[in-house]
Amino acid sequence: MNDLSQIPSVDQILSTGQGKSLVGIYGHQPTVDAVRDCLDLVRQDFLKSGSEVPDLEVLLKMTADLLDDRLKPTLVPVINASGVIVHTNLGRAPLSGAALEAVRNVSSGYSTLEFSLETGGRGSRLIHAESQFQQLLGAESALVVNNNASAVLLSLTVLTRGKKVIISRSQLVEIGGGFRIPEVLRHSGTDLVEIGTTNKVHLFDYEQAYSEETSAVMRAHSSNYAIVGFTSEPKIGQIVNSAHEAGLWFFDDLGSGAMLDTSPYGLKHEPMVQESLAAGVDLVCFSGDKLLGGPQAGIILGRKELIDQLKVHPLARAIRADKMALSALSATLDHYIKGEALSTVPVWQMISADKQAIKSRAEKWKKALKRGDIIEAQSMVGGGSLPGETLSTFVLALDVDHPNQLLEILRSGSPSVIGRVEDDRVLLDPRTVLPVQDPDIINAMQLAWSKYEK
Ligand SMILES: *Cc1c(COP(=O)(O)O)cnc(C)c1O
């Protein structure tokens, strides 16, 4: 067709069988808009370059593609074969089955989020998970907020606003996403006192900085980098004792919040929540979705008199946790209380995964794909914990001429597969792929390979 008058009307397109089915899938208004936009394009092309007016079938296909493109969700699941366990860009910790079930249970209807079944009156959302932290860790008090960044901001605002807080220069860390400890301190109205040097800080550095205006000493776990070589810092217990003797609070931003020991798995020991509490810190805060292996949350544990102040601060309302996070967190903590976290919390299943089991999964992938080599490589814990520390693993390595192109094809599949390139090879690490995803990743790899070869 090469005459503008031959362009069908919007109604003509919508009244076809396919047009009606598009309306059924995408709704009336989005489909009408998409048809109009397609017809506009066709008209413009015709006027500009005299291109042919496509027939009805092609117009319907254009409309369907446009609708698919416009209404595709941007937040979709991917298969993480990168070997980074707590991958911030991929959503950090996957949730356990029980945590997912709890979210579903609590969110598909109404819940006791802020309701007391005893009195029939108002309850507090701040109690959820608190007794579990008390039971599990012997914490006096607990508060769960939206994420750890907000937990740090709230804690510092209440503890140290208008006062001085002491921190070592080796801990002036940028976590990522623009979260810099010195800037957060400034935002919370705190006067930052830096002490020591980048590589060394001594107890006397702390003690010399104490003054009338000081309210707290703080530690920020240098979670995403390591200072190696000629370094030293006092043990946390020593700093806590010294601060307490001077009548100061001690605030600990622990970051990853490990509640199990990482060292049995060939990793360095990541500081644990239990150790901070045992050292006597007044407040410790950490993320829910790093090594705890739960939902996004910021958890603050410590002295009741301080947590009580945090709970009633206006900022606490602005950063409160929602019912989905609270229910998932509670279910995750249950795994720890029952002593089954290693075998039920995905992050810990991945950390403690048996290397031979990983190897046999990689071999299964290789067999299904009929190509690649099984080689030893390194997985990473990630999520701003254990920088430079790796877990020895086996991966499927694909030696191809254009590794980045294959990586891109894997990403564009459905589901998307996220791998990595090392030494010009595409590496796919079974450690971070949930075992239930094996059929999906095999499928996706086969499809990607057939596209790559074309
Ligand atoms: C990750 C991290 C944060 C930020 O936690 P979010 O849960 O991402 O808000 C703050 N401090 C430290 C030391 C961290 O490692």
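Each number in my numbering corresponds to the 1-based position in the sequence shown with 18 added.
Even glycine gets a Cβ: it sits at the ideal position worked out from N, Cα and C.
Pull up the distance between the alpha-carbon of residue i and that of residue j, whole angstroms please.
i      : j      : result
Lys301 : Tyr354 : Inspection of the sequence shows that residue 301 is occupied by Leu rather than by Lys. Near 21 Å, if we compare the C-alpha coordinates of Tyr354 and Leu301.
Glu323 : Trp383 : 55 Å
Thr318 : Gly431 : Sequence inspection shows Ile at residue 318; the Thr mentioned does not correspond to that position. Between Ile318 and Gly431, the C-alpha separation is close to 40 Å.
Ser39  : Leu93  : 25 Å
Gln30  : Arg88  : 22 Å
Val104 : Met398 : 8 Å
Gly141 : Leu135 : 8 Å
Val50  : Ile460 : 39 Å
Glu158 : Glu148 : 9 Å
Ser348 : His146 : 7 Å
Thr208 : Ile97  : 42 Å
Ala386 : Ala276 : 37 Å
Ser274 : Ala462 : 32 Å
Asn165 : Ala334 : 12 Å
Ile369 : Leu409 : 8 Å
Gln464 : Val454 : 17 Å
Asn422 : Val439 : 7 Å
Leu177 : Ser233 : 7 Å
Tyr283 : Gly401 : 17 Å
Thr249 : Asp223 : 14 Å
Arg443 : Asp391 : 10 Å
Ile325 : Leu360 : 30 Å
Gln314 : Ile393 : 34 Å
Leu74  : Pro26  : 7 Å
Gln152 : Val235 : 24 Å
Should residue i be listed as close to ligand 1, given that the test is whether its C-beta is under 7 Å from any heavy atom?
i      : result
Ser274 : yes
Phe268 : no
Ala166 : Looking at the sequence shown, residue 166 is not Ala but Asn. Result yes, Cβ under 7 Å from ligand 1.
Asp340 : no
Asp316 : Correcting the residue type first, residue 316 is Gly in the shown sequence and not Asp. Checking every heavy atom of ligand 1 against the Cβ of Gly316, one is found closer than 7 Å.
Ser114 : no
Ala238 : yes
Ser241 : yes
Gly247 : no
Ser305 : yes
Ile460 : no
Ile193 : yes
Lys329 : no
Lys308 : yes
Val170 : yes
Asp372 : no
Asp271 : yes
Phe412 : no
Phe197 : yes
Taking only three categories from DSSP, how would you classify residue i?
i      : result
Ser233 : strand
Ala297 : coil
Lys322 : helix
Arg110 : coil
Ser468 : helix
Ile460 : helix
Ile199 : helix
Asp29  : helix
Leu190 : coil
Using 10 angstroms around the beta-carbon of residue i, count the other beta-carbons present and answer buried if the total reaches 16, otherwise exposed.
i      : result
His287 : exposed
Gly311 : buried
Glu201 : exposed
Asp270 : buried
Lys308 : buried
His420 : exposed
Gln256 : exposed
Tyr243 : exposed
Ile185 : buried
Leu174 : buried
Gly115 : exposed
Thr215 : exposed
Ala336 : exposed
Thr362 : buried
Ala167 : buried
Gln150 : buried
Thr137 : exposed
Ala395 : buried
Gln226 : exposed
Looking at residue i and ligand 2, is the gap between the Cβ and the nearest heavy atom below 7 Å?
i      : result
Gly400 : Absence of ligand 2 is noted for the structure shown, with ligand 1 being the only ligands found.
Threshold first: 4 residues or longer. Then list the alpha helix (DSSP H) segments lying entirely within the region 370-451, N to C.
373-387, 421-430
Taking only runs of the beta strand (DSSP E) that begin and end inside the region 153-187, which ones reach a length of at least 3 residues, in chain order?
159-163, 182-186
Ignoring anything shorter than 4 residues, give me the alpha helix (DSSP H) runs that lie fully in the region 220-289, in order along the chain.
221-227, 254-263
Would you list, in sequence order, the uninterrupted alpha helix (DSSP H) runs of no fewer than 4 residues that lie entirely inside the region 114-150?
115-125
Going residue by residue through the region 40-94, where are the continuous alpha helix (DSSP H) segments of at least 4 residues, counting only ones entirely within it?
46-67, 74-89
Which residue spans inside the region 298-362 form an unbroken alpha helix (DSSP H) run of at least 4?
322-330, 332-336, 341-355, 359-362
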